[in-house]
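> Just so you know, we're using the numbering used here here: the sequence shown kicks off at 3 and counts up by one. Beta carbons: idealized from backbone N, C-alpha and C, even for Gly.
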Amino acid sequence: MLNNSTRPLIEGAMLTALTVIMAISGTALPMFFFLLYILPLPIAINIFRHGLRWGFISVIAASLITGSVFGFQSALSIIIITILTGPALGYGFRHLSPTKNLLLTMGASILSVGLSLAAVFLLMGVDVFKDLGTTLNTATQTTLKMYQSMGLAPEQLQTQTAQIEHIVKLIMLSLPAAIALSAIFSALINFLLTHRLLKRLGERNLAGLPPFAQWRMPVIFVFLFGFSLVGLYWGSTRSITILYNVSFNLNYFSSMFCRLQGLSLLYFILERLKLSTLPKILIMVLIIFTPFLEIFMYAGLFDMIFDYRTRLKIKRD
3 MLNNSTRPLI EGAMLTALTV IMAISGTALP MFFFLLYILP LPIAINIFRH
53 GLRWGFISVI AASLITGSVF GFQSALSIII ITILTGPALG YGFRHLSPTK
103 NLLLTMGASI LSVGLSLAAV FLLMGVDVFK DLGTTLNTAT QTTLKMYQSM
153 GLAPEQLQTQ TAQIEHIVKL IMLSLPAAIA LSAIFSALIN FLLTHRLLKR
203 LGERNLAGLP PFAQWRMPVI FVFLFGFSLV GLYWGSTRSI TILYNVSFNL
253 NYFSSMFCRL QGLSLLYFIL ERLKLSTLPK ILIMVLIIFT PFLEIFMYAG
303 LFDMIFDYRT RLKIKRD
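1) Using the beta-carbon count (16 or more within 10 Å), is GLY228 buried or exposed?
2) Does ASP305 pass the burial test, meaning 16 or more other C-beta atoms within 10 Å, or should it be called exposed?
3) In chain order, what residues of the same chain have a beta carbon less than 7 Å from the beta carbon of ALA77, not counting five sequence neighbours either side?
4) Between which two residues does the alpha helix (DSSP H) carrying GLU296 extend?
5) Which of the three DSSP states, helix, strand or coil, is assigned to ARG206?
6) Going by beta carbon distance, what residues of the same chain come within less than 6 Å of LEU314, once the five residues before and after it are set aside?
7) Whether or not the stretch 79 to 94 and the stretch 53 to 65 are in contact is what I'm after, with contact meaning three or more pairs of Cβ atoms, one per stretch, closer than 8 Å; do they touch?
8) Taking the alpha carbon of LEU37 as the reference point, which residue from LEU245, ALA25, ILE45, GLY73 has its own alpha carbon closest?
9) Taking its Cβ as the centre, do 16 or more other Cβ atoms sit within 10 Å of ALA337, making it buried, or is it exposed?
10) For ILE40, tell me which candidate among LYS132, HIS168, VAL22, LEU54 has the shortest Cα-Cα distance.
11) Where does ALA155 sit, in a helix, a strand or coil, going by DSSP?
12) Would you check if the distance between the CB atom of LEU208 and the CB atom of LYS201 is smaller than 8 Å?
13) Applying the 10 Å Cβ sphere with the 16-neighbour rule, what's the burial state of ALA321?
14) Within 10 Å of its beta-carbon, does MET108 have 16 or more other beta-carbons around it, so buried, or fewer, so exposed?
15) Using the three-state DSSP reduction, which class does ARG240 fall into: helix, strand or coil?
16) Are the stretch 291 to 304 and the stretch 249 to 267 touching by the rule of at least three beta carbon pairs closer than 8 Å?
17) Quick check on ILE283: buried or exposed, where buried means 16 or more other Cβ atoms within 10 Å of its Cβ?
18) Can you tell me whether PRO212 is buried or exposed, with buried defined as 16 or more other CB within 10 angstroms of its CB?
19) Between which residues of its own chain and SER118 is the CB-CB distance below 8 Å, once the five residues before and five after are set aside?
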């Protein structure tokens with residue numbers, strides 16, 4: 003039940019002011035651009051503690067003030083960033099379980115990114131995918147000219163050209179999945195920060211996600227990964243470009259969740275070995291930034307099927 007005393011009114015106004023400050027700072031100062039990624043955070047807290055009305059007041063105030071300083075495009079970007087993710091997060095913490103809340107927030111974040119790309123294309127005529135491709139091609143040509151000026155042999159130059167063009171092709175091909183994953187990561191960061199701040203604001207009984215060692219991804223990613231392999235094979239052998247492109251993105255998308263499951267399994271094993279925090283972190287960092295991560299992708303894939311953690315617990319008991 004919402005408290006209608008003066009203190010909640012002041013708190014709601016302060017959270018609204020914080021939203022405005024974050025929006026202006028993130029728009030005006032490149033060093034604070036990251037604030038735009040966590041802009042839904044004060045809005046979610048406002049909605050959780052004082053209702054949807056204060057959340058939408060925050061969105062409107064931030065967009066109007068930012069728009070009056072930086073123009074209509076900035077106001078529209080603030081609205082798109084916050085109008086879905088912030089309310090989804092605040093509503094989810096009040097009415098949903100942590101898992102459902104996170105899924106709702108991730109869906110809202112992906113939709114917000116899609117709306118942002120559509121707005122940029124429709125209002126400004128900017129095709130993000132095409133512009134990125136042009137930028138990468140320009141960078142490729144500049145790099146090749148630099149190699150040529152350094153006196154690189156024609157055979158080596160041809161090899162370097164093929165490698166760079168292949169990398170550019172993979173980047174452009176995986177861009178849709180990469181954008182979706184970045185939206186999901188942004189939603190996760192906002193979820194974790196909002197949960198932590200709400201706990202510090204006195205919401206001691208607020209449920210959160212389980213420990214990382216207990217994270218389990220939905221088994222649907224096993225099927226997505228398998229279907230993507232079939233699609234990649236059919237698309238390449240039958241020259242079905244659309245099927246190959248879609249399957250490539252599905253493979254990239256689902257494999258990331260398999261890697262996350264594998265890292266969770268690894269962390270579970272490290273906890274069973276009773277290692278201290280620092281060695282666990284060092285091992286995790288070593289795995290993430292080395293080719294060993296691919297091994298744990300398949301470990302996570304099979305863990306979704308066979309549930310090794312339950313088997314290890316039963317065996318130990």
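Considering the structure as presented:
1) On the sequence shown, residue 228 is found 226 positions in, with the first residue counted as 1. Exposed.
2) Translated into the one-based positions of the sequence shown, residue 305 becomes position 303. Classification for ASP305: buried.
3) For the purposes of this step, residue 77 is taken as the residue at position 75 of the sequence shown. These residues qualify, in order along the chain: SER65, LEU66, THR68, GLY69.
4) The sequence position of residue 296 within the sequence shown is 294, counting from 1. Where GLU296 is concerned, the enclosing alpha helix (DSSP H) stretches over 294 to 308.
5) Here residue 206 refers to the residue found at position 204 of the sequence shown. Coil, per DSSP.
6) Translated into the one-based positions of the sequence shown, residue 314 becomes position 312. Result list for LEU314: empty, nothing under 6 Å.
7) yes
8) Against the sequence shown, residue 37 aligns to sequence position 35. Comparing Cα-Cα distances from LEU37 to each of LEU245, ALA25, ILE45, GLY73, the minimum goes to ALA25.
9) As displayed, the chain neither begins before 3 nor continues past 319, which places residue 337 out of reach and without an answer.
10) Numbered from its first residue, the sequence shown carries residue 40 at position 38. Out of LYS132, HIS168, VAL22, LEU54, VAL22 has the C-alpha closest to the C-alpha of ILE40.
11) As a first step, residue 155 is located in the sequence shown; it is residue number 153 there, counting from the start. Residue state, collapsed to three classes: coil.
12) In the sequence shown, the residue the question calls residue 208 occupies position 206. In the sequence shown, the residue the question calls residue 201 occupies position 199. Yes, the pair counts as a contact, with Cβ atoms nearer than the cut-off.
13) A question about residue 321 goes unanswered here, because the residues of the chain that appear run from 3 up to 319.
14) Numbered from 1 along the sequence shown, position 106 holds the residue referred to as residue 108. Answer is buried; the Cβ neighbour count reaches 16.
15) As a position in the sequence shown, residue 240 is number 238, starting the count at 1. DSSP places ARG240 in coil when its eight states are reduced to three.
16) yes
17) As a first step, residue 283 is located in the sequence shown; it is residue number 281 there, counting from the start. Exposed, by the Cβ-count rule.
18) Taking the sequence shown and counting its residues from 1, one reaches residue 212 at position 210. Under this definition PRO212 is an exposed residue.
19) Locating residue 118 in the sequence shown gives position 116, where the first residue counts as 1. Correct list, in chain order: SER79, ILE82, ILE83.
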